[in-house]
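All remarks here apply to the structure that follows.
Numbering (this note's numbering), first residue to last: 316 to 863.
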């Protein structure tokens, strides 16, 4: 009984080893060897190794039949060689895989050169290669491109085409992952060699090209641009033009692009400067003394834009046209008439009420306000457009001919070398400022040179048109006649205040209809200085400019 149990135990040890390993019996070994030979003949080496080196179903040499011994040795030698080859390729692939994940792409692309198949590598090894094929193919393209770039960059350095080389200074750490090690060393040498040159180039480019482009983008707007800003802007752009050549000469080697870019910007700078200068002239602040000097000195000049900027348009109504008319604000201010200006006549509707109110602080405050307004008017500079609205002529004034056609009344006089133009009618039988000599819209201009044309006989023999002569050359006159609708006249002046005048010149004294001279004084706004300008309101070109 004991002998039987021992035999059974020995058989168990022979067939089964711990951890689930089974040592194949001879019959099974022989079958396995035949299967392995078939797989080897079919070049299914990984499958063969899976059977031969199986840790669960172990092929033991002790269980090999004598007839299968040579077969076993052949299998063993073949599979040992293949296993070494498979393991070697596996290790190589894992190395490339590790380099790929470490972003050493140009080294990892070596994986693409491996010719892996079922004859020399595991399926898992091939799978790794296949999974990395696309990203490595893309990486290889970049690495190869950079190799070619290195050759180009080295040639650029030799030929001093530095401008086309400066882009390598932008190559960052991410970009460097796609350089072979030898190429990366060459790149770093090139970067070091051109670093100082690039810094000079960068500074010059930033000033002349990039900085200029930003300046040219700035809007030139009357509403937002101050005079100081415009002058500073002009100085900056002018400085760019002045230093451009010397700055470009600082660059080493060939730099055609930056030169071409700046030459493209140059006309834009000039155009911007012209716009800025025009606006700067327009918004240039003039002091009181400068404006006064302009009114009295022919040498001083202003543009039409500057005139409109610094001269105020005079009110259309300055004084009462008759005793029943409402008093204009201008007249009320100069007469310090609180009741008229602040519409208090209805509230203080008797002389007594007004007298009482004049003693109050409220009245005195009103009066101080009017004094301040009057002082402002006296300090300001004014313009008036054209001549008298009634019977004053313009370059578009027409008269009818007997045949029903019409003609312009203001034409160039070849003998007098100018345009005779009527500023209005003087009607001595009216004792009114509206028909006072050398008066336009109740503004008196005693220095304005005029002549008399007595052709208003339908009114009276003493009535006349008051003619002003605009002296210009024939060339200028022709341009004016061809642009009649755009011709504008400006009278520039200061206001002295309201003064009394007696209409008593020879024509008024000879007029029987006013009893040989006006007895009543009339109110007129006296002016200080006079400058008369005739210009094209479409182009602001000045044709005539005279101080009187």
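C-beta: ideal position from N, C-alpha, C; glycine also.
N-terminal and C-terminal residue of the beta strand (DSSP E) that residue i is part of
i: residue 822; result: Where residue 822 is concerned, there is no enclosing beta strand (DSSP E), although the alpha helix (DSSP H) it sits in stretches over 821-824.
i: residue 542; result: Careful: residue 542 lies outside any beta strand (DSSP E), inside the alpha helix (DSSP H) at 542-563.
Local conformation of residue i per DSSP, three classes
i: residue 450; result: helix
i: residue 772; result: coil
i: residue 664; result: coil
i: residue 374; result: coil
i: residue 797; result: coil
i: residue 831; result: coil
i: residue 442; result: helix
i: residue 760; result: coil
i: residue 487; result: coil
i: residue 842; result: strand
i: residue 361; result: helix
i: residue 863; result: coil
i: residue 319; result: For residue 319, the predicted structure reports a pLDDT of 45, less than 50, and the residue's modelled location is therefore unreliable. The matter cannot be settled from this model.
i: residue 847; result: strand
i: residue 532; result: helix
i: residue 465; result: helix
i: residue 816; result: strand
i: residue 478; result: helix
i: residue 717; result: coil
i: residue 472; result: helix
i: residue 324; result: In this predicted model, residue 324 has a pLDDT of only 37, less than 50, meaning its place in the structure is not dependable; the value taken from the coordinates is given anyway. Looking at residue 324 - three-state DSSP - the assignment turns out to be helix.
Residue i beta carbon near the ligand PLP (any heavy atom closer than 7 Å)
i: residue 800; result: No copy of the ligand PLP occurs in the structure displayed, which carries no ligand at all.
Burial state of residue i, where buried means 16 or more other Cβ atoms lie within 10 Å
i: residue 850; result: buried
i: residue 520; result: buried
i: residue 318; result: Here residue 318 scores only 40 on pLDDT, less than 50, and its place in the model should not be relied on; the value that follows carries that caveat. Per the 10 Å Cβ criterion, exposed.
i: residue 325; result: Reliability of the predicted coordinates at residue 325 is poor, the pLDDT of 35 falling under 50, and the value obtained from them is presented with this limitation in mind. Exposed, since its Cβ has fewer than 16 Cβ neighbours within 10 Å.
i: residue 631; result: exposed
i: residue 344; result: buried
i: residue 822; result: buried
i: residue 640; result: exposed
i: residue 741; result: buried
i: residue 834; result: exposed
i: residue 600; result: exposed
i: residue 444; result: buried
Test item: CB-CB of residue i and residue j under 8 Å
i: residue 559; j: residue 610; result: no
i: residue 841; j: residue 811; result: yes
i: residue 591; j: residue 548; result: yes
i: residue 469; j: residue 501; result: yes
i: residue 553; j: residue 588; result: yes
i: residue 663; j: residue 681; result: no
i: residue 809; j: residue 777; result: no
i: residue 862; j: residue 613; result: yes
i: residue 577; j: residue 626; result: no
i: residue 799; j: residue 859; result: no
i: residue 372; j: residue 339; result: yes
i: residue 713; j: residue 723; result: yes
i: residue 586; j: residue 618; result: no
i: residue 769; j: residue 826; result: no
i: residue 751; j: residue 818; result: yes
i: residue 598; j: residue 545; result: yes
i: residue 306; j: residue 498; result: The structure shown has nothing for residue 306, since the chain only spans 316 to 863.
i: residue 415; j: residue 451; result: yes
Span of the alpha helix (DSSP H), counted from its first residue to its last, around residue i
i: residue 497; result: 496-520
i: residue 423; result: 420-423
i: residue 413; result: 384-416
i: residue 864; result: The requested residue 864 is not part of the displayed model; the chain covers only 316 to 863.
i: residue 572; result: 571-598
i: residue 679; result: 676-694
i: residue 355; result: 341-356
i: residue 623; result: 619-625
i: residue 648; result: 644-649
Which listed residue (the options) has its alpha carbon closest to that of residue i
i: residue 397; options: 436, 606 and 377; result: 436
i: residue 483; options: 745, 565, 475 and 465; result: 465
i: residue 787; options: 795, 780 and 781; result: 795
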